[in-house]
Amino acid sequence: MLVSAAPDPAEIFDRAAAEGSRRLDQPLLELVATSFIAGFTIVFGMAALGIVHMAVAPQFGELARVAGALAFGVGVVLLIGGRAELFSENFFDPVAAAVEREGTWLLGSLARLWTLTFVFNLVGGALFVFVLSVEGALPPGSGEALSSTAEELAHRGNLGMFADAIAGGALVALLSHLLVAVDGAGSRLGVAYVVGFLLALGPFDHVIVTVLHVLFGMRFGAEIGLGTLAAVTLVSTAGNLVGGLGLVTVSHVAQATGAREDE
């Protein structure tokens, strides 16, 4: 049985640039729709986390965190399988496309992509949070599990939250790099699941996931004010930009550029 060789950095970069061009050139309606879909899709992972955490915690205590993280990974699989558009998961590919196009950095197109993705991820996710937080929509006890996790996320110090957001941004941007480095739907979904599990296990902050989780908690009575929600949004976004763009995307662009110079 022949095993295909892993693509080298230059080939990964070329694949990423092609995918990035597709994302940057999306019509407005398609971009808004795929971003909206990503928002409510990832909420399924949060709901699964709450349900499993509630079911496991009484007997297994802290292992409920691991079980919840395993359940959350399914949400990322649904996201990637459905080819939805999640903020910071779309860092590496569009930047690769911008680097490939001579004479322009496509700053307007990048700003359009990331701004609309961010906004409509939150719109779609918030709508579904409100749907699933209706009394009786989730099994008894799920709301308490989501609320306690939300308070834990929201009441950390800003420095710790920023560090977790750097790690979360790096993880999700790394996901986009890995998705173009593997072949086959099974491999793509497997990578998505692993990243989703690690993201929730930390928990490492991805701004969309964290903000929606905090909103979930607020809906179930968590003691979190709007000022805290705003601070979580700002700190998580800043950390995601540092980790996703500053660490993963820039370093992989440099890697591919160096590989091409050696050819």
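In the working numbering, the protein residues as written are 511 to 773.
Quick reminder that beta carbons are idealized off the backbone N, C-alpha and C, glycines included.
Spatial neighbours of glycine 634 in its own chain (CB-CB distance under 6 Å, excluding positions within 5 residues in sequence) are listed in chain order as Phe546, Gly549, Phe550.
With fewer than 16 other Cβ atoms inside 10 Å of its own Cβ, leucine 669 counts as exposed.
If you keep only unbroken alpha helix (DSSP H) runs of at least 4 residues inside the segment 669-737, you get 695-711, 717-729. Closest by C-alpha distance to glycine 560, out of Thr544, Ala577, Phe570, is Ala577. Where serine 643 is concerned, there is no enclosing alpha helix (DSSP H), because DSSP gives it neither an H nor an E.
No Cβ-Cβ contact shorter than 7 Å links leucine 626 with leucine 755. Between the alpha carbons of alanine 764 and proline 649 lies a gap of roughly 48 Å. Straight across, the Cα-Cα distance linking glycine 613 with threonine 767 is about 17 Å. Assigned with DSSP and collapsed to three states, leucine 656 falls in helix.
Glycine 731 sits exposed, since fewer than 16 C-beta atoms from the chains shown fall within 10 Å of its C-beta. With contacts defined as CB atoms closer than 7 Å, histidine 723 and valine 682 fail to qualify as a contacting pair.
The three-state secondary structure of arginine 533, taken from DSSP, is helix. In the structure shown, leucine 648 adopts coil according to DSSP, grouped into three states. Within its own chain, the residues whose Cβ lies closer than 7 Å to the Cβ of threonine 759, once the five positions on either side in sequence are excluded, are Phe601, Phe602, Val605, Ala683, listed in chain order. Annotation: alanine 516 is outside any alpha helix (DSSP H) and is labelled neither H nor E by DSSP. Contact check for arginine 533 and leucine 623: beta-carbon distance about 6 Å, within the 8 Å limit, so the pair qualifies. Ranked by Cα distance from proline 517, the first of Arg666, Ala691, Gly646 is Ala691. Under the three-state reduction of DSSP, phenylalanine 550 is assigned to helix. Of all alpha-carbon atoms in Thr738, Ser746, Asp524, the one lying nearest the alpha-carbon of methionine 671 is that of Ser746. With a minimum length of 4 residues, the unbroken runs of alpha helix (DSSP H) contained wholly in the segment 550-616 fall at 573-591, 602-610. The Cβ atoms of valine 644 and leucine 725 lie no closer than 7 Å to each other. By the beta-carbon neighbour count (other beta carbons within 10 angstroms, threshold 16), aspartate 693 is exposed. With respect to the 7 Å criterion, tryptophan 615 and alanine 608 are classified as neighbours on the basis of their beta carbons. Scanning Tyr703, Ala673, Arg698 for the CA closest to the CA of valine 752 turns up Ala673. In this structure methionine 564 touches glycine 651 by the C-beta definition: roughly 4 Å separates them, less than 8 Å.
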